[in-house]
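Just so we're aligned, residue 18 is where the sequence shown starts under our numbering, counting upward by one.
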Amino acid sequence: MASLKYKFRQIKKLPGWIYILPALLLRVLYRCCYRHELIDPHNYSYEGTGMIGVTWHNRLLYFAPAFPKEVRHRTTAVVSASRDGQYVADFIARFGLRALRGSSSKRGAAAMRSALGAIRGEEHVIFTPDGPRGPRYKMKNGPAMLSSITGRAVVPISLNASRCWSVRSWDGFQIPKPGAKITVILGDPIVVPPNLTPEELEPWRLKIEEALLAITIDPPDARRPGERTGATS
Numbered sequence: 018m019a020s021l022k023y024k025f026r027q028i029k030k031l032p033g034w035i036y037i038l039p040a041l042l043l044r045v046l047y048r049c050c051y052r053h054e055l056i057d058p059h060n061y062s063y064e065g066t067g068m069i070g071v072t073w074h075n076r077l078l079y080f081a082p083a084f085p086k087e088v089r090h091r092t093t094a095v096v097s098a099s100r101d102g103q104y105v106a107d108f109i110a111r112f113g114l115r116a117l118r119g120s121s122s123k124r125g126a127a128a129m130r131s132a133l134g135a136i137r138g139e140e141h142v143i144f145t146p147d148g149p150r151g152p153r154y155k156m157k158n159g160p161a162m163l164s165s166i167t168g169r170a171v172v173p174i175s176l177n178a179s180r181c182w183s184v185r186s187w188d189g190f191q192i193p194k195p196g197a198k199i200t201v202i203l204g205d206p207i208v209v210p211p212n213l214t215p216e217e218l219e220p221w222r223l224k225i226e227e228a229l230l231a232i233t234i235d236p237p238d239a240r241r242p243g244e245r246t247g248a249t250s
């Protein structure tokens with residue numbers, strides 16, 4: 018068993034056809050097993066110039082099928098440059114999302130350059146700013162920096178499940194329970210001023226973090242003692 022596990026971990030990229038059935042299953046589950054609500058007062062889900070979206074790592078399971086095809090096809094996600102990131106990039110491609118490979122710990126500069134090109138091409142760029150290793154619910158400064166450079170708004174996005182299972186991982190990855198309500202919330206846009214130093218960028222990083230936490234609702238069955246949570250319903 019250990020030998021098989023080692024051999025699998027050496028595979029850097031799986032064949033594309035492997036993701037067809039899981040992607041189809043995820044679409045069917047999202048449409049048939051849950052109730053949905055979209056709260057998007059600024060209509061970023063359907064129109065508007067490219068935004069810089071931020072969402073927490075533990076809410077990624079249904080992120081792609083939660084949005085219309087037209088939005089997914091003009092969305093680029095910043096994905097870790099690791100082997101696991103390759104699996105994620107290949108999987109989200111089944112939904113029409115493009116991936117930029119890089120994170121704060123690896124290939125960050127290259128990812129930022131690619132994100133600049135995507136934003137200037139009127140695409141949405143999505144970050145999971147507490148990934149790939151955490152700490153959970155702690156924003157890194159990439160989205161604030163990209164907003165300062167491009168003048169585009171950072172939009173906090175949260176997918177809140179009324180009931181879920183929480184995986185025992187650094188992020189407490191959430192799996193909504195069948196019959197749960199999944200509420201997708203797009204918060205107010207935040208535009209970071211241009212030409213800021215790293216010290217001047219920090220208050221804006223914190224402002225974006227607080228804005229995302231304000232729309233982050235963790236159900237009681239996903240919480241653990243001492244865990245930091247966002248807003249409550």
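For each residue, glycine too, the CB sits at the ideal point set by N, CA and C.
query: Please report how far the alpha carbon of residue 52 lies from the alpha carbon of residue 40, in whole angstroms.; result: 19 Å
query: Within 10 angstroms of the Cβ of residue 63, are there 16 or more other Cβ atoms? Answer buried if so, exposed if not.; result: exposed
query: Whole-angstrom Cβ separation of residue 218 and residue 166, contact assumed at under 8 Å?; result: Contact flag wrong, Cβ pair sits at about 11 Å.
query: Give the range of the alpha helix (DSSP H) segment to which residue 34 is assigned.; result: Here residue 34 belongs to no alpha helix (DSSP H), and DSSP marks it neither H nor E.
query: Whole angstroms are fine: how far does the CA of residue 238 sit from the CA of residue 69?; result: 30 Å
query: So, using beta-carbon positions, are residue 204 and residue 160 closer together than 8 Å?; result: no
query: Starting from residue 226, trace the alpha helix (DSSP H) both ways and give me its first and last residue.; result: 215-231
query: CB-CB under 7 Å to residue 90, same chain, minus the five flanking residues each way: which ones, in chain order?; result: 113
query: Take every Cβ of the region 179-187, pair it with every Cβ of the region 210-228, and state whether three or more of those distances are shorter than 8 Å.; result: no
query: Could you check whether the region 66-81 touches the region 137-157, counting it as contact only if at least three pairs of C-beta atoms, one from each stretch, sit closer than 8 Å?; result: yes
query: Below 8 Å between beta carbons: does that hold for residue 83 and residue 201?; result: yes
query: Applying the 10 Å Cβ sphere with the 16-neighbour rule, what's the burial state of residue 109?; result: buried
query: Take the Cβ of residue 196 as the centre, count every other Cβ of all protein chains shown within 10 Å, and call the residue buried at 16 or more, exposed below.; result: exposed
query: Can you grab the Cα-Cα spacing for the pair residue 60 / residue 206, in whole Å?; result: 11 Å
query: Identify which residue in 137, 175, 186, 105 has its Cα closest to the Cα of residue 231.; result: 175
query: Among 188, 236, 169, which has the Cα closest to the Cα of residue 254?; result: Residue coverage of the chain in this structure runs from 18 to 250, which leaves residue 254 outside it and unanswerable.
query: Bridge partners for residue 198 per DSSP, in chain order?; result: 52
query: Given a threshold of 16 other Cβ atoms within 10 Å of its Cβ, counted over all protein chains shown, does residue 102 qualify as buried or as exposed?; result: buried
query: Express the C-alpha separation of residue 119 and residue 98 in angstroms, rounding to a whole number.; result: 5 Å
query: What residue range is occupied by the uninterrupted alpha helix (DSSP H) comprising residue 77?; result: From DSSP, residue 77 is part of no alpha helix (DSSP H); its letter is neither H nor E.
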